[in-house]
Amino acid sequence: MRLLGSYAGLIAGALIVLFPLYIAVNDSLLTPSQILASPPPLFPTDPQWHNYVQAFSTYGFGSYLRNSFIQSGLIVLGALTTSILAAYAFVFLKFPFRRTLFVLVLATAMIPFEVTVAANYDTVFKIHWEGNFAGLTIPFMATGFGIFLLRQSFMGIPKELREAALIDGYGPIGFLWRVALPLARPVIAALAVFSFLGAWNQYLWPDLLTSNNQSIRTVQIGLKVIGGTIATVGVSLAAAVITLVPLVILLILFLKNLVRALTAGAVK
Amino acid sequence: MIIGTPADAEAVLQLPRRRRGGAVRKERWKEYGLGYLFILPAFLIFGVFTFYPFVKNFWLAAHETPLYPGNPAPYVGIHQFTTTVTSSMFLQSLESTAIFTVIAVPIGVFLGLALAVIANQRLKGIAFFRLVFSATAVTGVAVAAVIFGTLLSPTNGLLQSWGIDTAPGIAQSPGWALYAVSGIQAWQFMGLSFIIMLAGLQSLPEEVLEAARTDGASTWTVFWRVTVPLMSPTIFFAGVIGTIIALQSYGVVDILIASSGQGSQAVYTHTNLLINYIYDEIYNRQFGVAACLAIALFLITLVVTAVQFRVLAKRVHYGN
Numbered sequence: 000m001r002l003l004g005s006y007a008g009l010i011a012g013a014l015i016v017l018f019p020l021y022i023a024v025n026d027s028l029l030t031p032s033q034i035l036a037s038p039p040p041l042f043p044t045d046p047q048w049h050n051y052v053q054a055f056s057t058y059g060f061g062s063y064l065r066n067s068f069i070q071s072g073l074i075v076l077g078a079l080t081t082s083i084l085a086a087y088a089f090v091f092l093k094f095p096f097r098r099t100l101f102v103l104v105l106a107t108a109m110i111p112f113e114v115t116v117a118a119n120y121d122t123v124f125k126i127h128w129e130g131n132f133a134g135l136t137i138p139f140m141a142t143g144f145g146i147f148l149l150r151q152s153f154m155g156i157p158k159e160l161r162e163a164a165l166i167d168g169y170g171p172i173g174f175l176w177r178v179a180l181p182l183a184r185p186v187i188a189a190l191a192v193f194s195f196l197g198a199w200n201q202y203l204w205p206d207l208l209t210s211n212n213q214s215i216r217t218v219q220i221g222l223k224v225i226g227g228t229i230a231t232v233g234v235s236l237a238a239a240v241i242t243l244v245p246l247v248i249l250l251i252l253f254l255k256n257l258v259r260a261l262t263a264g265a266v267k
Numbered sequence: 000m001i002i003g004t005p006a007d008a009e010a011v012l013q014l015p016r017r018r019r020g021g022a023v024r025k026e027r028w029k030e031y032g033l034g035y036l037f038i039l040p041a042f043l044i045f046g047v048f049t050f051y052p053f054v055k056n057f058w059l060a061a062h063e064t065p066l067y068p069g070n071p072a073p074y075v076g077i078h079q080f081t082t083t084v085t086s087s088m089f090l091q092s093l094e095s096t097a098i099f100t101v102i103a104v105p106i107g108v109f110l111g112l113a114l115a116v117i118a119n120q121r122l123k124g125i126a127f128f129r130l131v132f133s134a135t136a137v138t139g140v141a142v143a144a145v146i147f148g149t150l151l152s153p154t155n156g157l158l159q160s161w162g163i164d165t166a167p168g169i170a171q172s173p174g175w176a177l178y179a180v181s182g183i184q185a186w187q188f189m190g191l192s193f194i195i196m197l198a199g200l201q202s203l204p205e206e207v208l209e210a211a212r213t214d215g216a217s218t219w220t221v222f223w224r225v226t227v228p229l230m231s232p233t234i235f236f237a238g239v240i241g242t243i244i245a246l247q248s249y250g251v252v253d254i255l256i257a258s259s260g261q262g263s264q265a266v267y268t269h270t271n272l273l274i275n276y277i278y279d280e281i282y283n284r285q286f287g288v289a290a291c292l293a294i295a296l297f298l299i300t301l302v303v304t305a306v307q308f309r310v311l312a313k314r315v316h317y318g319n
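Top line first, the protein sequences correspond to chains A and B.
Under numbering that gives the first Met the number 0, the first residue of the first sequence carries the number 0, and numbering increases by one thereafter.
Under numbering that gives the first Met the number 0, the first residue of the second sequence carries the number 0, and numbering increases by one thereafter.
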């Protein structure tokens with residue numbers, strides 16, 4: 000009885016989440032007349048795969064996808080590099096004003112994006128980054144969250160391990176590369192996934208920067224460009240599904256990792 | 000120097016030690032250098048794209064933005080800020096933002112918690128359900144907006160054909176446009192809320208829940224009397240995160256209303272969230288007004304978060 004109740008709850012929850020997503024996939028495969036039918040069929044009897052083809056051929060979704068992969072990939076690489084280096088310095092190296100500087104890192108998390116966006120837009124134009132990937136990615140290549148998360152993880156490495164490594168002749172770089180990074184791998188993976196998700200789903204900044212620069216438009220802005228008129232609803236949903244697929248794959252691969260990273264640090 | 004006194008002996012003995020001291024000092028400087036070198040990349044980016052614009056934003060707010068870039072920007076002090084935050088457009092935007100947040104965040108937090116509670120059981124196929132429940136966390140606002148825009152469409156929406164009257168459509172209906180976008184935001188936040196709550200539940204002491212259950216307490220009682228109090232730090236955390244996200248959520252309104260090309264003026268006014276208002280002013284190169292709005296939104300975020308901390312922290316039960 001209890002088991003039955005549990006599954007009823009699980010299925011009800013799944014419906015809230017999956018129903019809109021299912022309808023998106025379903026409607027992306029319907030013919031225009033089926034979409035306008037009342038009610039529209041709940042199963043694609045005559046799947047219109049050409050909606051997906053059209054998203055690429057007519058609306059250039061291939062280039063949006065490529066741009067999104069470049070943009071998100073660069074942000075992940077940059078954010079990981081800056082976070083690993085800074086977190087390592089804050090945990091394993093001693094230097095004057097270390098604590099003060101770390102408080103500054105935490106302070107960046109208190110300054111929300113909307114406060115900096117107007118001035119950043121201005122800056123990016125002044126240094127002529129408005130039409131390239133530098134403007135799209137470099138502002139996001141360092142985050143207080145990333146440095147904090149990795150610092151927590153490095154702090155869990157026993158001091159004796161570092162001393163032993165130093166006696167074995169590892170320099171600071173050797174210790175970082177051979178000991179600290181391998182030990183922090185689960186957290187690094189979680190951070191990479193978090194920053195990829197965030198970057199891929201960015202909307203306001205790419206919208207601002209690419210309104211006059213189609214060549215670096217990302218998928219999210221592509222969705223806006225296709226729009227949702229009756230004529231384009233099939234293609235628009237196909238494009239939404241395409242946008243979602245890479246993230247769903249990431250989620251399938253890394254969900255356990257994300258929950259574990261949160262359990263270990265941020266939530267407690 | 001006469002060798003033989005104890006002081007000399009000490010001096011002799013200290014000689015190598017002092018030399019070692021020099022080497023240590025050199026090592027220490029090397030460590031300082033390496034430390035600064037390692038934090039440099041992060042601080043360069045923070046400096047240019049976080050700290051500088053944070054300060055610059057106040058400068059922009061205190062100066063009128065010239066019509067043509069390059070012309071001098073006259074200093075207007077606090078005047079621009081007071082004019083902006085007392086304008087009827089701002090007050091309307093403030094009201095919409097408040098309604099949006101007050102609907103979206105609690106619903107998202109509660110649904111996330113409910114899903115986490117039912118997914119935190121050892122059952123067959125539970126991994127699948129956990130995956131499904133997290134799915135909206137990766138569904139970007141643009142994707143969510145496109146999907147719900149279709150569902151709610153008055154001409155071809157599913158709800159319409161099921162007899163739920165969605166005419167005249169979000170973009171033309173000031174009465175429920177704001178509630179619709181709030182609901183979409185709640186749905187979208189539910190996934191992240193679920194992940195946070197599941198992580199929180201998994202770090203709870205299993206014995207306590209087990210004990211309550213074997214004491215014969217109903218599922219409902221266990222949930223309200225045991226799970227919720229124990230989970231209160233996590234619920235609080237999710238609430239703060241959800242609020243920050245909602246206050247910065249720009250895409251839903253932009254796609255469904257502002258950029259849809261179908262929005263009526265009334266709907267546009269009713270759903271003009273502060274963040275969308277800021278974007279418009281930036282896009283029109285009204286950096287001064289945008290900066291004033293940004294300061295207002297920043298202060299609101301600070302106040303709301305601080306109030307949440309004060310009010311909730313009292314009720315939050317922190318375990319050891």
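The beta carbon of each residue, even a glycine, is placed where N, CA and C say it ideally should be.
Nothing here was measured: the structure is a model prediction, and the numbers come from that model.
- Straight through space, the alpha carbons of Leu236/A and Leu296/B are spaced by roughly 33 Å.
- Here the alpha carbon of Gly226/A sits roughly 19 Å from the alpha carbon of Gln264/B.
- Lys223/A counts as buried, since at least 16 other C-beta atoms from the protein chains shown sit within 10 angstroms of its C-beta.
- Those residues of the region 26–37 of chain B placed with their C-beta closer than 7 Å to a C-beta in chain A are Glu30, Tyr31, Leu33, Gly34, Tyr35 and Phe37, ordered along the chain.
- With respect to chain A, the C-beta atom of Phe308/B has no partner C-beta closer than 8 Å.
- About 6 Å separates the CB atoms of Ser67/A and Trp199/A; that is less than 8 Å, so the two are in contact.
- Using a Cβ distance threshold of 8 Å, Ile274/B and Ser248/B count as a contacting pair.
- Chain A has a Cβ within less than 8 Å of the Cβ of Leu59/B.
- Taken residue by residue, none of the region 67–79 of chain B has a beta-carbon sitting less than 7 Å from a beta-carbon on chain A.
- Around the beta-carbon of Ile77/B, fewer than 16 other beta-carbon atoms lie within 10 Å, marking it exposed.
- With a threshold of 8 Å between beta carbons, Phe112/A makes contact with chain B.
- Its chain contains Gly130 as the residues whose beta carbon lies nearer than 6 Å to that of Asn212/A, once the 5 sequence neighbours on both sides are disregarded; these appear in chain order.
- Under the DSSP definition of a beta bridge, Tyr74/B partners with His62/B.
- Here Phe193/B is buried. Its C-beta has 16 or more other C-beta atoms within 10 Å.
- Around the beta carbon of Trp219/B, fewer than 16 other beta carbons sit within 10 angstroms, so the residue counts as exposed.
- For the set Val288/B, Asn271/B, Thr242/B and Asn283/B, the Cα lying nearest the Cα of Ala305/B is the one of Thr242/B.
- For Gly21/B, no chain A residue has a Cβ inside 8 Å of its Cβ, as the nearest lies near 18 Å away.
- The beta carbon of Ala143/B sits closer than 6 Å to the beta carbons of Ile183 and Gln187 from its chain, once the five residues preceding and following it are set aside; these are given in chain order.
- Spatial neighbours of Gly134/A in its own chain (CB-CB distance under 7 Å, excluding positions within 5 residues in sequence) are listed in chain order as Val123, Trp128 and Leu208.
- Distance from the CA of Ala118/B to the CA of Ser71/A, rounded to the nearest whole angstrom, comes to 31 Å.
- Cβ contact annotation for Asp253/B (same chain, cutoff 7 Å, sequence separation greater than five): Asn275, in chain order.
- At a cut-off of 8 Å between beta carbons, Asn119/B makes no contact with chain A.
- In the three-state reduction of the DSSP assignment, Lys255/A falls in the helix class, which pools H, G and I.
- With contact defined as three or more Cβ pairs closer than 8 Å, the region 231–245 of chain B and the region 97–109 of chain B are in contact.
- For Ile146/B, the residues of chain A that pass the 8 Å Cβ criterion are Pro19, Leu20, Ile22, Ala23, Leu236 and Ala239, in the order they occur in the chain.
- Asp26/A: member of the alpha helix (DSSP H) spanning Arg1 to Asp26, first to last residue.
- Neighbours of Pro40/B across chain A, judged by C-beta separation under 9 Å: Gly77, Thr80, Thr81, Leu84, Ala85, Met140 and Ala141.
- In chain order, Phe45 and Thr49 make up the part of chain B whose C-beta sits under 7 Å from the C-beta of Thr107/A.
- The beta carbon of Ala136/B sits closer than 7 Å to those of Gly190, Leu191 and Ile194, all from its chain and outside the five residues before and after it, given in chain order.
- In this structure, the CA atom of Ala106/A is about 22 Å from the CA atom of Ala189/A.
- The region 152–179 of chain A contains, as complete alpha helix (DSSP H) runs of 4+ residues, the segments 158–166 and 171–174 (chain order).
- Looking only at Thr231/A, Gly168/A, Ala85/A and Lys158/A, the smallest Cα-Cα distance to Gly143/A is reached by Ala85/A.
- Proximity of Pro105/B to chain A, defined by a Cβ-Cβ separation below 8 Å, is not satisfied.
- Between Ile277/B and Leu292/B, the CB-CB gap stays under 8 Å.
- Within the model, the alpha-carbon separation for Ala41/B versus Phe253/A is close to 26 Å.
- Between Phe53/B and Thr115/A the beta-carbon gap is near 6 Å, inside 8 Å, which marks them as a contact.
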